[in-house]
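Using this note's numbering, you'd call the opening residue of the sequence shown number 47 and step up by one each time.
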Amino acid sequence: MSVLKVRGLNKNFGGLKAVSDVNITVNQGELLGLIGPNGAGKTTIFNLLTGVYVPTTGTVRLKDVDGNKININGMKPHITARHGISRTFQNIRLFKNLSVVDNLKIGMHKNIRHSIFEAILRLPRFIRDEKMFEQQAMYILSLVGLQDKHAEFAMNLPYGEQRKLEIARAIATGASVIFLDEPAAGMNPSETEDLSKLIVKLKDEFHLTVILIEHDMKFVMNLCERIYVLDFGSIIAEGLPAEIQSNKRVIEAYLGEQVE
Ligand SMILES: Nc1ncnc2c1ncn2[C@@H]1O[C@H](COP(=O)(O)OP(=O)(O)OP(=O)(O)O)[C@@H](O)[C@H]1O
Ligand SMILES: [Mg+2]
47 MSVLKVRGLN KNFGGLKAVS DVNITVNQGE LLGLIGPNGA GKTTIFNLLT GVYVPTTGTV
107 RLKDVDGNKI NINGMKPHIT ARHGISRTFQ NIRLFKNLSV VDNLKIGMHK NIRHSIFEAI
167 LRLPRFIRDE KMFEQQAMYI LSLVGLQDKH AEFAMNLPYG EQRKLEIARA IATGASVIFL
227 DEPAAGMNPS ETEDLSKLIV KLKDEFHLTV ILIEHDMKFV MNLCERIYVL DFGSIIAEGL
287 PAEIQSNKRV IEAYLGEQVE
């Protein structure tokens with residue numbers, strides 16, 4: 047059963063075809079990899095699927111949390127978020143001057159039930175919501191191993207923990223489809239291994255569908271169930287990790303990059 051269907055997706059930046067006639071089907075609950083050389087268009091695809099960019103042409107159909115099929119192409123990020131899409135960024139984007147736990151709570155505001163009026167007067171529903179958000183946030187922090195750091199400023203966390211916090215925040219929004227843009231970037235092998243386990247744990251715990259971009263091939267091949275390969279804006283291969291590793295076009299695309 048598919049949760050996301052991308053058909054005929056194109057994105058031009060002036061004369062540059064960054065994404066060219068891309069078709070992707072994401073199955074519910076799968077851990078999907080999107081790989082390709084630098085500049086292939088991977089992040090642009092994430093931006094198109096999460097509402098940061100409007101496609102030049104093409105459609106993105108999402109089966110949302112309520113099971114409704116909706117076209118999300120052209121929707122703004124805060125709207126795609128309401129439909130259960132969340133992401134992390136290639137360059138970490140946290141609220142550096144907020145505490146770890148507040149970074150999570152801020153992502154939960156779309157689930158708010160109290161009004162501003164109730165918040166100002168600190169009426170029971172506001173206090174109840176606050177308590178619930180706090181508990182949920184602390185639970186997610188415990189899963190990623192950051193519960194002891196809940197009161198720290200986000201900027202004081204080491205790099206690897208900031209990456210984890212970003213993932214925790216994406217999950218705290220209540221999303222069912224999570225996009226991770228190079229979650230292992232800048233991590234050493236043991237941190238990368240930890241992250242692999244964490245992603246599987248979170249995916250199972252929250253019944254997530256996960257789509258991730260990553261350059262670390264060992265990480266991708268061990269973690270992902272299925273992989274799409276992008277080169278110069280086009281999908282050049284799709285398949286199981288073993289199939290991708292032995293695919294001629296994929297090898298050529300990567301060798302081409304090395305020679306340059
Ligand atoms: N906002 C933009 N305006 C103009 N060109 C852009 C814009 N965003 C991306 N591009 C171009 O589109 C192409 C694809 O970029 P993109 O960032 O999607 O690649 P990528 O596969 O994520 O690469 P990397 O692995 O280096 O992160 C590149 O040539 C890039 O310069
Ligand atoms: Mg990128």
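Where is the CB? At the ideal position from N, CA and C, for every residue including glycine. Note that the coordinates shown come from a computational prediction; the quantities given were computed from them, not determined experimentally.
> Given that a residue counts as buried once 16 or more other Cβ atoms are within 10 Å of its Cβ, and exposed if not, what is Thr134?
Replying inline: Classification for Thr134: buried.
>> Along the chain, where does the alpha helix (DSSP H) containing Glu180 start, and where does it finish?
In response: Here the alpha helix (DSSP H) through Glu180 covers Pro170 to Val190.
> Cβ of Lys247 within 7 Å of any heavy atom in ligand 2?
Replying inline: Incorrect: Lys247 has no Cβ contact closer than 7 Å to ligand 2.
> To which residues does DSSP link Asn56 through a beta bridge?
Replying inline: The partner list for Asn56 (beta bridge, DSSP) reads Thr103.
> With burial defined as no fewer than 16 other Cβ atoms inside 10 Å of the residue's Cβ, what is the status of Tyr236: buried or exposed?
Replying inline: For the sequence presented, residue 236 should be read as Ser rather than Tyr. Per the 10 Å Cβ criterion, exposed.
>> Please determine whether the Cβ atom of Lys38 lies at a distance below 7 Å from any heavy atom of ligand 2.
In response: Given a span of 47 to 306 for the chain in the structure shown, any question on residue 38 remains unanswerable.
> Which same chain residues, not among the five before or five after Val259, have their C-beta less than 6 Å away from its C-beta?
Replying inline: Just to set this straight, residue 259 is Ile in the shown sequence, not Val. The answer, listed in chain order, is Leu80, Lys88, Asp227 and Glu228.
> Looking at Asn84 and ligand 1, is the gap between the Cβ and the nearest heavy atom below 7 Å?
Replying inline: Yes - ligand 1 has a heavy atom lying nearer than 7 Å to the Cβ of Asn84.
> Start and end of the alpha helix (DSSP H) containing Glu239?
Replying inline: For Glu239, the enclosing alpha helix (DSSP H) begins and ends at Pro235 to Phe252.
> Sorry if obvious, but does the Cβ on Leu226 come closer than 7 Å to a heavy atom of ligand 1?
Replying inline: For ligand 1, not one heavy atom lies less than 7 Å from the Cβ of Leu226.
> Got a sec? Which residues, its chain only, sit under 6 Å from Asn293 by beta carbon, not counting five neighbours each side?
Replying inline: Result list for Asn293: Ala283, in chain order.
>> Restricting to Cα atoms, I'd like to know which of Asp277, Asn84, Thr255 and Gly279 is closest to Cys270.
In response: Nearest neighbour of Cys270 by Cα position, chosen from Asp277, Asn84, Thr255 and Gly279, turns out to be Thr255.
>> Within a Cβ cutoff of 6 Å, which residues of the same chain sit near Leu276, ignoring the five residues on either side of it in sequence?
In response: These residues qualify, in order along the chain: Gly82, Ala86, Gly87 and Lys88.
> For the segment 195-236, which segments carrying the alpha helix (DSSP H) assignment without a break, of at least 4 residues, lie completely within its bounds, in sequence order?
Replying inline: Runs of the alpha helix (DSSP H) spanning 4 or more residues and lying entirely within the segment 195-236 occur at 205-218, in chain order.
> In chain order, what residues of the same chain lie with their CB nearer than 7 Å to the CB of Ile138, ignoring the 5 residues before and after it?
Replying inline: In chain order, Gln208, Arg209 and Glu212 place their CB closer than 7 Å to the CB of Ile138, counting only its own chain and leaving out the 5 sequence neighbours on each side.
> So, is Ile224 buried or exposed, given that buried needs 16 or more other C-beta atoms within 10 angstroms?
Replying inline: Residue environment analysis places Ile224 among the buried positions, since at least 16 neighbouring C-beta atoms fall within 10 angstroms of its C-beta.
> Relative to the alpha-carbon of Asp148, which residue among Lys177, Ile162 and Leu169 has its alpha-carbon at the smallest distance?
Replying inline: Taking only the C-alpha atoms, the option nearest Asp148 is Lys177.
>> Can you tell me where the alpha helix (DSSP H) holding Ile91 begins and where it ends?
In response: Looking at the DSSP string, the run of the alpha helix (DSSP H) that includes Ile91 is Lys88 to Thr96.
> In three-state DSSP terms, what is Asp148?
Replying inline: It is helical.
> Do you know whose CA, among Ile118, Leu55, Met233 and Phe252, lies nearest Asp262's CA?
Replying inline: Of the listed residues, the one whose Cα sits closest to Asp262 is Met233.
> Taking contact to mean at least 3 C-beta pairs separated by less than 8 Å, is the segment 103-118 in contact with the segment 49-56?
Replying inline: With a cut-off of 8 Å, the segment 49-56 and the segment 103-118 count as touching, because enough Cβ pairs lie within range.
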